[in-house]
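Chains as they are written, first to last, in numbering that gives the first Met the number 0: chain G, 0 to 211; chain W, 0 to 211; chain C, 0 to 211.
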Amino acid sequence: MTLLYALDLLGTAAFAASGALAGIRRGMDVFGVLVLGLATATGGGTLRDLLLGDSPPFILKDETYLYLSVVVSLLVFIFHRRLEFFANPLTYFDAVGLGTFVVIGTGKAIEFRLGFFGAVMMGVLTATAGGMLRDLLSAKVPMVLQKEVYASACLAGGALLYLLQLTVLPPYITALLSASTVIILRLLAIRYNWSLPRAADSTVPTNGAVRK
Amino acid sequence: MTLLYALDLLGTAAFAASGALAGIRRGMDVFGVLVLGLATATGGGTLRDLLLGDSPPFILKDETYLYLSVVVSLLVFIFHRRLEFFANPLTYFDAVGLGTFVVIGTGKAIEFRLGFFGAVMMGVLTATAGGMLRDLLSAKVPMVLQKEVYASACLAGGALLYLLQLTVLPPYITALLSASTVIILRLLAIRYNWSLPRAADSTVPTNGAVRK
Amino acid sequence: MTLLYALDLLGTAAFAASGALAGIRRGMDVFGVLVLGLATATGGGTLRDLLLGDSPPFILKDETYLYLSVVVSLLVFIFHRRLEFFANPLTYFDAVGLGTFVVIGTGKAIEFRLGFFGAVMMGVLTATAGGMLRDLLSAKVPMVLQKEVYASACLAGGALLYLLQLTVLPPYITALLSASTVIILRLLAIRYNWSLPRAADSTVPTNGAVRK
């Protein structure tokens, strides 16, 4: 599981960077930037552990995630003007984190004997709830609810993992195939600007315009 | 308890529809609409179970609630233009869900030996926290904090249940009376446009206007 | 520990008052004002207990906190026009609450055998998460992420407590020194208008202006 742990840390770092950047854009002070980095990187797994009843959550058992998130957020706070050099790699790391988090979350839920829906939901939550928390703390509608094939890639990967682990495939192949599915779907979505359908007349409801 | 379960599912469906509609009005994509439906329908009971330490929460034990919420949200996403035909029944279903959720939440808290305040609070949370989550995910101030006799009807029903279960009344009578109290208060409040008092000069505080 | 309990209740009352005032300023009805008072006063400790896996959380074991929060919120709702007389004492009570909550939260986390980062984080969360919840329920970016030396004072006090409890100092001295550190730092920050640094060009990112 050493590769999975390494990918997990890579994803954590990428998520922390995305959270810290959001804090900087909202004009937060250095503490706020650290909190947004921490929340984005560790919020999803923490919520998953709360829901599974696995307490204390993983971040309080292995503090590596906390230190890593804070160090990355601090580096982003200091060097954020130069982050344009990293924008491209960050997108890839974020996609890798997404795939890894889905596999870890769905896998853990299966160990806890959850059913299909619950297990896939835990995988999606692990990968997306940190970003939702980041947006809530920025007083914005969560990005993941509005645009891009982000959560859908997670859904596909989680469902694939659940189905494959019912077969005779060895676990690491199952994990690899599922994570790759998420990562490839996510990168294709960015490359070709895919998006999910919205309700046709969502801007003209008779019972009130879209509220700001 | 079969009637209670049926009413629980009816309420779940009504809450999911209200969540999905909110997502459509905010211009979310189909994934966002499903998440808002799920969160509105199951968020209150999930928070209650987290607070009671009953893990995993009910939605992960009986996945019926999850599938029902998703199917209803999808139907709303597809047919929402025709929802005006359902607006009236939806209001009634929502009131029924409110009464049922209060009775289930307060009752479960009493089983967990909570005191009066805690038990009533769990009933109110079960019925209203899903809607609060819906509004938070839409980056709005929760409706329940601002207007209408909504939470107050839940408070009354929860308190009544706590007091009645101390008497010799059989449990199903206690449940029925409490749920009916919530439903009737809620429908009367809609019919006669009741609202709770606000602080007199809330719009002219010297220390800063109401912030948008 | 009677002094600590008394300070805890004083802090709870001060936090409830700050929450109730925020509700009044947002034009909420009386129920909303009570919920904001409750959430601000008890949200931090409740989140801490959820994360530590200590269920049910403290507010459901000793309902004093709930009743106190509601009574204070109601009094604020009724007499808020005269609160200017209390603004000064409220600032002091709030600082005392901050110090007490940090000591209680960090101390409890140490009992639960958390590491340095986790224990300090629990102390900071206990003191600040209620205020964050208050701001989220008001659809605002949490104040604590944006300005003033508020969380940093908590960080300093929590770290001090963790380090001092490794020494031979008696627990009450450790608690007293740590709480005093938080309170004094907080009051100095108000007096001299200290604030934390922000990212230099946070208002001119090339990838999008600060979104409202």
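No residue lacks a Cβ here, since even glycine has one placed at the ideal position from N, Cα and C. As the structure is a computational prediction, the values presented were derived from the model and not from experiment.
First through last residue of the alpha helix (DSSP H) which encompasses residue i
i, result
"L37/W", "V29 to L51"
"L154/C", "A150 to L163"
"R81/G", "Careful: R81/G lies outside any alpha helix (DSSP H) and carries neither H nor E."
"T166/W", "Counting along the chain, T166/W falls outside any alpha helix (DSSP H), and DSSP gives it neither H nor E."
"A16/C", "T1 to R24"
"L59/W", "F57 to K60"
"M120/G", "F115 to L136"
Residue i to residue j span [Cα, whole Å]
i, j, result
"T116/C", "T173/C", "The amino acid occupying residue 116/C in the given sequence is Phe; Thr does not appear at that position. Answer to the nearest angstrom: the Cα atoms are 18 Å apart."
"L187/W", "G36/G", "47 Å"
"I182/G", "L67/W", "30 Å"
"L65/G", "T166/G", "36 Å"
"A152/W", "T39/W", "18 Å"
"T11/W", "A155/C", "46 Å"
"P204/C", "A16/G", "Caution is warranted here: a pLDDT of 41 is assigned to P204/C, below 50, making its placement in the model unreliable, and the coordinate value is therefore given only provisionally. Distance between the alpha carbons of P204/C and A16/G is about 15 Å."
"T214/C", "L195/G", "Outside the shown range of chain C (0 to 211) lies residue 214/C, about which nothing can therefore be said."
"L59/C", "G52/C", "14 Å"
"L136/W", "L184/W", "28 Å"
"L6/W", "L132/W", "22 Å"
"K211/W", "G26/C", "Because K211/W sits at a pLDDT of 32, beneath the cut-off of 50, its placement in the model cannot be relied upon, and the point is left open."
"T202/G", "G22/W", "At T202/G, the pLDDT of 45 sits below 50, so the modelled position is not reliable; the number obtained from the coordinates is stated separately. Each residue's alpha carbon lies about 11 Å from the other."
"F78/G", "P88/G", "16 Å"
"M120/C", "L168/W", "48 Å"
"G222/C", "G44/C", "There is no way to answer for residue 222/C, as the model of chain C reaches only from 0 to 211."
"P170/C", "Q164/C", "7 Å"
"G129/G", "V148/G", "17 Å"
"A218/G", "R80/G", "Since the first residue shown for chain G is 0 and the last is 211, residue 218/G is missing from the structure and cannot be characterised."
"L73/W", "T63/W", "15 Å"
"N206/C", "V143/G", "The predicted position of N206/C is uncertain, since its pLDDT is 38 and thus under 50; a value taken from the coordinates is nonetheless stated next. Rounded to the nearest angstrom, the two C-alpha atoms are 18 Å apart."
"T287/G", "L8/G", "Residue 287/G lies beyond the stretch modelled for chain G, which goes from 0 to 211, so this question has no answer here."
"T180/C", "Y191/C", "16 Å"
"T90/C", "G122/C", "20 Å"
"Y4/W", "R112/G", "24 Å"
"A108/C", "A118/C", "5 Å"
"W193/W", "R24/C", "22 Å"
"L175/C", "L33/G", "28 Å"
"I189/G", "L20/W", "28 Å"
"S54/W", "L46/W", "11 Å"
"E110/C", "L162/C", "14 Å"
"D61/C", "G114/W", "9 Å"
"S177/G", "A178/W", "46 Å"
Expected contact under 8 Å - CB spacing of residue i and residue j to nearest Å
i, j, result
"G157/W", "V101/W", "5 Å"
"T127/C", "A150/C", "5 Å"
"L49/W", "P56/W", "6 Å"
"D134/G", "R197/C", "Rounded, the Cβ-Cβ distance is 20 Å, inconsistent with contact."
"L70/W", "A138/C", "Reading off the sequence, residue 70/W comes out as Val, not Leu. Rounded, the Cβ-Cβ distance is 30 Å, inconsistent with contact."
"G18/G", "Q145/C", "Not really, about 15 Å apart at Cβ, beyond 8 Å."
"L160/C", "G96/C", "Not confirmed; about 16 Å, so no contact."
"F92/G", "A13/G", "4 Å"
When you check each C-beta in the stretch 51–75 of chain C against every C-beta of chain W, which residues fall closer than 7 Å?
S54, P55, P56, L59, E62, L65 and Y66
Contact set between the stretch 132–165 of chain G and chain W, restricted to residues whose Cβ is under 7 Å from the partner
L135, A138, K139, V140, P141, L144, Q145, K146, A150 and S151
What are the residues in the stretch 9–32 of chain W lying within 8 Å of chain G by C-beta distance?
Residues of the stretch 9–32 of chain W that bring their beta carbon within less than 8 Å of a beta carbon in chain G comprise G22, I23, R24, R25, G26, M27, D28, V29, F30, G31 and V32, in sequence order.
Could you run through the stretch 99–114 of chain W and flag, in chain order, every residue whose CB is less than 9 Å away from some CB of chain C?
For the stretch 99–114 of chain W, which is checked against every Cβ of chain C, the residues closer than 9 Å are A108, F111, L113 and G114.
Contacting positions in the stretch 113–128 of chain W - beta carbon closer than 8 Å to chain C
L113, G114, F115, F116, G117 and M120
Name the residues in the stretch 33–52 of chain W whose C-beta lies less than 7 Å from a C-beta of chain C; which are they?
L49, L50, L51 and G52
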